[in-house]
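Asker:
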Amino acid sequence: MDKRRKYRRFLLWCLCLDILAMCWVGYRWMDRKIPDEIRVSKGREDEVRDLLEHPLLTFEEAVAVSGEGSYLLPCRLLGFIPFKEIKVTPADSSSVFVSGKTVGIYMETEGVLIIDTGEILSEEGETREPAKNIVKPGDYIVAFNQQKISNKKELIHDLSLIDGEDVTLDVIRDGETIPVSLSPVKDIKGEYKLGIWVRDNTQGIGTLTFVDSRGNYGALGHGISDVDTGDLLSIREGALYQAEILGIQKGSSGSPGELSGLIRYEPQRIIGNIQSNSKNGIYGRFSGGTEDLSLRKMEVAYKQELQTGPASVLCCVDGEVKEYAAEITRIDMNHEDTNKSFVIKVTDPELLELTGGIVQGMSGSPVIQNGKFAGAVTHVFVQDSTSGYGIFAETMIENSEK
1 MDKRRKYRRF LLWCLCLDIL AMCWVGYRWM DRKIPDEIRV SKGREDEVRD
51 LLEHPLLTFE EAVAVSGEGS YLLPCRLLGF IPFKEIKVTP ADSSSVFVSG
101 KTVGIYMETE GVLIIDTGEI LSEEGETREP AKNIVKPGDY IVAFNQQKIS
151 NKKELIHDLS LIDGEDVTLD VIRDGETIPV SLSPVKDIKG EYKLGIWVRD
201 NTQGIGTLTF VDSRGNYGAL GHGISDVDTG DLLSIREGAL YQAEILGIQK
251 GSSGSPGELS GLIRYEPQRI IGNIQSNSKN GIYGRFSGGT EDLSLRKMEV
301 AYKQELQTGP ASVLCCVDGE VKEYAAEITR IDMNHEDTNK SFVIKVTDPE
351 LLELTGGIVQ GMSGSPVIQN GKFAGAVTHV FVQDSTSGYG IFAETMIENS
401 EK
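Position 90 of the sequence shown, counted from 1, bears residue number 90 in the numbering used here, the numbering being contiguous throughout.
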């Protein structure tokens with residue numbers, strides 16, 4: 001009898017846990033479907049409830065004004081469970097010039113980036129590691145013995161002038177500048193070394209997404225991180241260049257493809273500067289001409305306008321920008337990573353034949369739906385090269401205005 005009672009209790013507990021888990025999953029699903037904040041065109045605020053209409057949600061009639069014309073719209077689940085307050089901001093509808101053209105990217109870091117520490121074989125034949133546990137990968141060296149340095153060449157020059165004495169490096173770590181002291185080691189060649197691996201620039205290719213009416217541009221839809229540390233690069237300056245596609249490594253399951261290109265780093269080929277490297281893309285001022293960038297004017301879609309279903313992607317994989325058929329398969333209004341807000345799947349037979357779907361170098365390719373600029377491609381799925389993540393157009397526009 002006791003065994004039966006215990007077994008029933010066990011089943012009851014399992015049932016309760018299942019119900020709680022289902023409630024939590026359902027709540028999270030609803031939270032991802034209903035945005036925390038939306039923008040609507042001025043004069044069309046009365047359409048907000050239609051845009052957010054859902055059979056499980058009800059909205060209160062009275063709202064609290066939060067300032068600057070925006071207001072908070074409380075909503076409830078099943079009519080009585082408090083769910084969230086949606087911030088609604090009236091905004092002017094905007095248009096930008098979308099591109100899809102492949103561009104070259106060159107950036108110089110803010111100071112000299114430490115990517116790792118290493119061992120040195122001293123002139124005595126001993127293995128030494130003078131920087132271990134003192135500096136960290138991701139630190140940026142900005143001064144050498146109180147003298148500002150901007151690049152690796154200056155660091156090497158200053159190091160050549162010392163005569164074995166301890167040196168002080170000012171490094172930026174987690175946004176804070178701190179001094180660290182290192183004891184250089186003379187190697188078997190008689191040269192003093194600090195035992196650090198450093199980098200001061202990066203380059204590659206990506207896709208120009210849009211240029212606005214004020215000359216601000218957005219590209220990539222995600223930030224550029226160091227390949228060794230994985231951290232977002234802190235940049236001092238950078239430039240966009242014209243680029244040419246030379247070849248395509250086709251993507252497949254388990255192996256993301258890649259566009260290979262040629263960038264000539266000549267002043268006359270610069271088409272813009274890079275002012276910001278953020279998690280939602282790179283941004284700056286556009287200075288190039290429009291004749292080679294296939295710019296076309298298009299209205300920007302608000303994120304709540306996106307729907308699962310047919311869409312298209314603008315990209316340049318064979319020398320010119322073309323529009324290829326695709327499909328938005330999932331939309332996440334509140335993803336923790338704002339550059340992973342929806343899933344886009346390439347369906348165009350021509351693009352699938354050329355690239356296998358989405359490949360590296362296509363980041364920033366504009367996504368078009370219902371004749372509007374809806375977003376941009378940002379990532380490819382390693383196990384499914386036909387699909388990847390995208391970022392909302394309005395998220396990129398917001399970043400370009402900062």
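Glycine included, each C-beta is placed from N, C-alpha and C at the ideal position. Small disclaimer: the values here were computed from a predicted structure and weren't measured.
Kindly identify the DSSP beta-bridge partner or partners of W197.
Answerer: D116
Asker: How big is the Cα-Cα spacing for T378 and N216?
Answerer: 19 Å
Asker: At the level of alpha carbons, what is the spacing between Y404 and A374?
Answerer: Here the chain covers residues 1 to 402 and nothing more, so residue 404 does not appear.
Asker: Decide if N399 is buried, meaning its Cβ has at least 16 other Cβ atoms within 10 Å, or exposed.
Answerer: buried
Asker: Identify every residue that forms a DSSP beta bridge with Q147.
Answerer: F144
Asker: Tell me which residue opens and which closes the alpha helix (DSSP H) that A374 is part of.
Answerer: Note, A374: premise wrong, no alpha helix (DSSP H); beta strand (DSSP E) at 372-377.
Asker: Following the continuous alpha helix (DSSP H) through A393, name the residue where it begins and the one where it ends.
Answerer: Per DSSP, A393 belongs to the alpha helix (DSSP H) from 393-400.
Asker: Give the range of the alpha helix (DSSP H) segment to which D158 is assigned.
Answerer: 152-160
Asker: Suppose you measure from the CA of C16 to the CA of T177; what does that come to, to the nearest Å?
Answerer: 52 Å
Asker: What's the C-alpha gap between I274 and G111?
Answerer: Straight through space, the alpha carbons of G111 and I274 are spaced by roughly 16 Å.
Asker: Counting only the same chain and skipping the five closest in sequence on each side, list residues whose C-beta sits under 6 Å from that of L208.
Answerer: S99, K101, V103, A219
Asker: Smallest Cα separation from V317: which of I134, T395, C14, G357?
Answerer: Put simply, of I134, T395, C14, G357 the residue whose alpha carbon is nearest the alpha carbon of V317 is G357.
Asker: Taking the alpha-carbon of L246 as reference, which of V180, L259, S255 has the nearest alpha-carbon?
Answerer: L259
Asker: Spell out the partners DSSP gives I368 in its beta bridges.
Answerer: S312, F373
Asker: DSSP state of Y324, grouped into three classes?
Answerer: Shown here, Y324 sits in a strand according to DSSP, grouped into three states.
Asker: Identify the residues that DSSP records as bridge partners of M333: which are they?
Answerer: None, per the DSSP bridge assignment.
Asker: From Y192 to E124, what distance separates their C-alpha atoms?
Answerer: 13 Å
Asker: Could you check how far apart the C-beta atoms of G254 and Q360 are, in whole angstroms? I think they sit under 8 Å.
Answerer: About 14 Å; that fails the 8 Å criterion.
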